[in-house]
Structure formats: structure tokens, C-alpha cells
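Here the sequence shown is numbered in numbering that gives the first Met the number 0, starting from 0 and rising by one per residue. In this text, a Cβ means the ideal position worked out from N, Cα and C, and glycines have one as well. For clarity, every value in this text was computed on a predicted model and none was experimentally measured. Heads up: the structure comes next, in C-alpha cells.
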Amino acid sequence: MEITGIISAIIVGLIIGALGRLVVPGKQHLPIWLTLLLGIVAALLGGWIASFFTGFWLFVLIVQVLVAAAIVYLADGMYSKNASTA
Numbered sequence: 000m001e002i003t004g005i006i007s008a009i010i011v012g013l014i015i016g017a018l019g020r021l022v023v024p025g026k027q028h029l030p031i032w033l034t035l036l037l038g039i040v041a042a043l044l045g046g047w048i049a050s051f052f053t054g055f056w057l058f059v060l061i062v063q064v065l066v067a068a069a070i071v072y073l074a075d076g077m078y079s080k081n082a083s084t085a
């Protein structure tokens, strides 16, 4: 992977993280930097999962956003649970 591919993956990950946060209903307790970091992870993981089915960009995007929403939802649950006990 070239440096431009890494930079574009980071940018797409930031956008995917923001979209994943918008998909999850209710108020999230995660800081925005953590949401964006989770978005980068979700973009890579969602792209890898979608590559098993097709390379169609819209399908890949939908899978990435759904993976980001799931990760944000799970991380928010753990983050708010830890924040309330401290």
C-alpha cells in the first residue's frame, strides 16, 4: 500500500466514524477523537468484510458504516459504564 492509499484510508475512516456516530440513536458519551479512531478501524474492517462479497463501492460503504455503527454502539456502552463507576 502506498502512502496515498494510507492517507485516503485515514480520511475515509474519519468520515465513516462520523457517519457511524450519526446512525447510532441517542446521545453518545464517547469523545469525538475516539469515535474517529474507531471509524478508521471500522473502515478497514468493513472494507475487508465487504471484499468477500463484492467490490461495488456503495455496498462497501454501507458495510463500513454498519460496522462503524456497531463498534461505536459497543464502545459507547463500555465507555459510559466505566465513566459512571468512576
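CA-CA distance, residue i and residue j?
i	j	result
ALA49	VAL59	5 Å
GLY19	GLY54	21 Å
GLU1	GLY25	38 Å
GLN27	GLY16	13 Å
THR3	PHE52	25 Å
ILE70	LEU37	7 Å
THR34	LEU57	22 Å
Under DSSP, the alpha helix (DSSP H) around residue i begins and ends at which residues?
i	result
GLY25	No alpha helix (DSSP H) holds GLY25; DSSP gives it neither H nor E.
LEU37	31-49
How many whole angstroms separate the CB atoms of residue i and residue j, which I take to be in contact at a CB cut-off of 8 Å?
i	j	result
ILE31	GLY12	No, ILE31 and GLY12 are not in contact; Cβ-Cβ is about 14 Å, not under 8 Å.
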